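*Asks:* Dropping the structure in here first, questions after.
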Amino acid sequence: MARASKLSKFQSVRLNWLLPVVSPVAAIGLALLVGAILIAIAGVNPLRAYSVLFSEALLNYYGIGNTLTKMAPLLLTSLGVLVALKAGQFNIGGEGQIYMGGLGSAVIGLSIPGLPAIIHVPLALVGGFALGALWGLIPGYLKAMRGVNEVITTLLLNYVAQNLISYLVSGPLMAKNAPSPFSPAIAPSAQLPILLPQTQTHAGILIGLVATAILWGVLTFTPFGYQIEAVGQNPIAARYAGMPVRRTIMIAMALAGGLAGLAGAGEVTGLKYRLFENFSPGYGFDAIAIAILSRGNLAAIVFISLFFGALRSGASVMQRSAGVPVTVVYAIQGLTVLFIAISLVLERRLTLKLNQPPFPDS
1 MARASKLSKF QSVRLNWLLP VVSPVAAIGL ALLVGAILIA IAGVNPLRAY SVLFSEALLN
61 YYGIGNTLTK MAPLLLTSLG VLVALKAGQF NIGGEGQIYM GGLGSAVIGL SIPGLPAIIH
121 VPLALVGGFA LGALWGLIPG YLKAMRGVNE VITTLLLNYV AQNLISYLVS GPLMAKNAPS
181 PFSPAIAPSA QLPILLPQTQ THAGILIGLV ATAILWGVLT FTPFGYQIEA VGQNPIAARY
241 AGMPVRRTIM IAMALAGGLA GLAGAGEVTG LKYRLFENFS PGYGFDAIAI AILSRGNLAA
301 IVFISLFFGA LRSGASVMQR SAGVPVTVVY AIQGLTVLFI AISLVLERRL TLKLNQPPFP
361 DS
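All residue numbers for the sequence shown refer to our numbering, where the first residue is 1 and numbers rise by one.
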């Protein structure tokens, strides 16, 4: 009996170590497999389609540049979703926070000309972070102080932000004689530098990697990081331990919004140089999938963001070269989320089964 109990404990420990690694890999692999079936049904060789997709996105100079450009907002917004999840909050407002971050950086880039770039660029990024943080703080306050479900408020604030930007670039901030809704170009001194010549790869990817390292340090080594983990796992116990649960939730949601706001600021200051209507192609929603797939691991977030960036980067090339619709890529992303959700349910059942105490000998 003791030997069986020890074996069960060993299996449980090994399972707890393996599953967070195996589950995301299996989910991505199954999604690619189902995607291959869809491609084959469309009459295209899946191996050729995937070869074009990933070779163009990861092995071609311009493709790598495009991948990194798309990876930057995905990474920053995913970090925001992860921070909220660590605090026990489900932030699905990344899309709106991206838009507000873009607005904050655009206003500073337009309204304070003549500054040196070493001051203007950080100031524009701070403006994007601040407005995104405000957009995250609103549902954080409502949840902490009024008990309003953050899923509802963050979802609704997405539409508020998108429509606010649409109004501004169609009216007060619209460029003179613009053929479509967009603002004037921000000052050159507020624009992020380009990292890879002849590509659109800007310093936003470096900001994302630095933010990842800082967040890892905060969550791992600081009392505030411990508070976030404690509140997320058991807010009642955290409150009895004297932790400021409400304040922690509000700060975590504000930080989540600020990181997504940085993503929007990077899109305006590093890629588009203007504030456009509907300038985010859904990065905020992709970020939810990336954060869930990462299982709370910051290193995993970097690699999964790269994977999703590669999918977006190579999708159009795959359509042109192999005749596969871009929608297949979106199907692969959706299937990845579906399979990781299934794996979480199966993992929970398996863990509960292994952790059940053995029946005593009769």
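Cβ atoms here follow ideal geometry from the backbone N, Cα and C, with glycine treated the same way. Only a predicted model underlies this, so the values are computations on that prediction, with no experimental measurement involved.
1. Can you tell which of GLU95, LYS86 and TYR330 has its C-alpha closest to the C-alpha of ARG295?
2. When the distance is taken between beta carbons, is ALA211 closer than 8 Å to LEU259?
3. Skipping 5 residues on each side, what residues in its chain have a beta carbon closer than 8 Å to that of PRO244?
4. Can you name the start and end residues of the alpha helix (DSSP H) that THR382 belongs to?
5. Could you pull the DSSP bridge partners for PHE276 from this structure?
6. Taking C-beta to C-beta, are ALA124 and SER105 nearer than 8 Å?
7. By how many angstroms is the C-alpha of ILE41 removed from the C-alpha of ARG239?
8. Let me know the alpha helix (DSSP H) ranges lying completely inside the stretch 184-254, each 4 residues or longer, listed in chain order.
9. So what does DSSP say about PRO24, is it helix, strand or coil?
10. Please go through the same chain and pick out, in chain order, the residues whose beta-carbon is closer than 6 Å to the beta-carbon of THR67, but skip the five residues on each side of it.
11. Output the distance between the C-alpha atoms of ILE205 and ASN158, rounded to the nearest integer angstrom.
12. Which residue marks the beginning of the alpha helix (DSSP H) containing ARG312, and which one marks its end?
13. Consult DSSP for VAL44 and reduce its assignment to one of helix, strand or coil.
14. Under DSSP, the alpha helix (DSSP H) around GLY151 begins and ends at which residues?
15. Assuming THR77 and ALA263 form a contact by the criterion Cβ under 8 Å, report the distance between their Cβ atoms to the nearest whole angstrom.
16. Can you check whether the CB of THR336 is closer than 8 Å to the CB of LEU293?
17. Can you look up LYS86 in the DSSP assignment and give me helix, strand or coil?
18. Starting from ILE138, trace the alpha helix (DSSP H) both ways and give me its first and last residue.
19. Quick check: what's the CA-CA separation for TYR50 versus VAL81?
20. Measure the alpha-carbon distance for ALA299 versus GLY282 and round it to whole angstroms.
21. Rounded to whole angstroms, what's the CA-CA distance from MET253 to MET100? Just pull it up for me.
22. Taking all protein chains shown into account, decide if LYS143 is buried (16 or more other Cβ within 10 angstroms of its Cβ) or exposed.
23. Are SER343 and ALA36 closer than 8 Å when you measure CB to CB?
24. Mind checking whether PRO193 and ALA185 have CB atoms under 8 Å apart?
25. Whole angstroms is fine: what's the gap from MET250's alpha carbon to SER166's?
26. Answer with buried or exposed for VAL107, where buried requires no fewer than 16 other C-beta atoms within 10 angstroms of its C-beta.
27. Excluding five sequence neighbours on each side, which residues of the same chain lie with their C-beta closer than 7 Å to the C-beta of PHE10?
28. Write down the C-beta distance between GLY208 and LEU75 rounded to the nearest angstrom, noting that I regard them as a contact closer than 8 Å.
29. So, ILE92 versus LEU155, is the Cβ gap smaller than 8 Å?
30. Quick check on ARG295: does DSSP put it in helix, strand or coil?
31. Of the choices THR222, LEU275, VAL52 and PRO179, whose alpha-carbon is the least far from that of ILE321?
*Replies:* In terms of the structure at hand:
1. Nearest to ARG295 by alpha-carbon distance, out of GLU95, LYS86 and TYR330, is LYS86.
2. Yes, the pair counts as a contact, with Cβ atoms nearer than the cut-off.
3. Here PRO244 has GLN227 as same chain residues with Cβ atoms under 8 Å from its own Cβ, once five neighbours each way along the sequence are excluded.
4. Nothing in the structure corresponds to residue 382, since the chain is present only between 1 and 362.
5. Partner(s): PHE182.
6. In contact: ALA124 and SER105 (Cβ atoms closer than 8 Å).
7. C-alpha separation (whole angstroms): 55 Å.
8. Runs found: 204-221, 223-233 and 235-240.
9. PRO24 falls in the helix class under three-state DSSP.
10. Shown here for THR67: same chain residues with a beta carbon closer than 6 Å to its own, the five before and five after excluded, namely ALA57, GLY309, ALA310 and SER313 in chain order.
11. Straight-line Cα distance between these residues: approximately 24 Å.
12. Element bounds for ARG312: 298-322.
13. Here DSSP, grouped into helix, strand and coil, assigns VAL44 to coil.
14. For the sequence presented, residue 151 should be read as Val rather than Gly. Per DSSP, VAL151 belongs to the alpha helix (DSSP H) from 150-170.
15. The Cβ separation is near 5 Å, so the contact holds.
16. Yes.
17. Residue state, collapsed to three classes: helix.
18. Its alpha helix (DSSP H) spans residues 117-146.
19. Taking the straight line joining both Cα atoms gives about 29 Å.
20. Cα-Cα distance, rounded: 23 Å.
21. In a straight line, the C-alpha of MET253 is about 15 Å away from that of MET100.
22. With 16 or more Cβ atoms within 10 Å of its Cβ, LYS143 is classed as buried.
23. With respect to the 8 Å criterion, SER343 and ALA36 are not classified as neighbours on the basis of their beta carbons.
24. Cβ atoms of PRO193 and ALA185: not closer than 8 Å.
25. Each residue's Cα considered, the two are about 28 Å apart.
26. With 16 or more other Cβ atoms within 10 Å, it is buried.
27. Bear in mind that a pLDDT of 48 at PHE10, under 50, signals an unreliable position, so the number given afterwards is only what the model happens to contain. Spatial neighbours of PHE10 in its own chain (CB-CB distance under 7 Å, excluding positions within 5 residues in sequence) are not present.
28. Rounded to the nearest angstrom, the Cβ distance from GLY208 to LEU75 is 4 Å, consistent with a contact under 8 Å.
29. Cβ atoms of ILE92 and LEU155: closer than 8 Å.
30. In the structure shown, ARG295 sits in coil (DSSP, three-state: anything other than H, G, I, E or B).
31. Going by the sequence as given, residue 321 is Ser instead of Ile. When each option's Cα is compared against that of SER321, the closest is VAL52.
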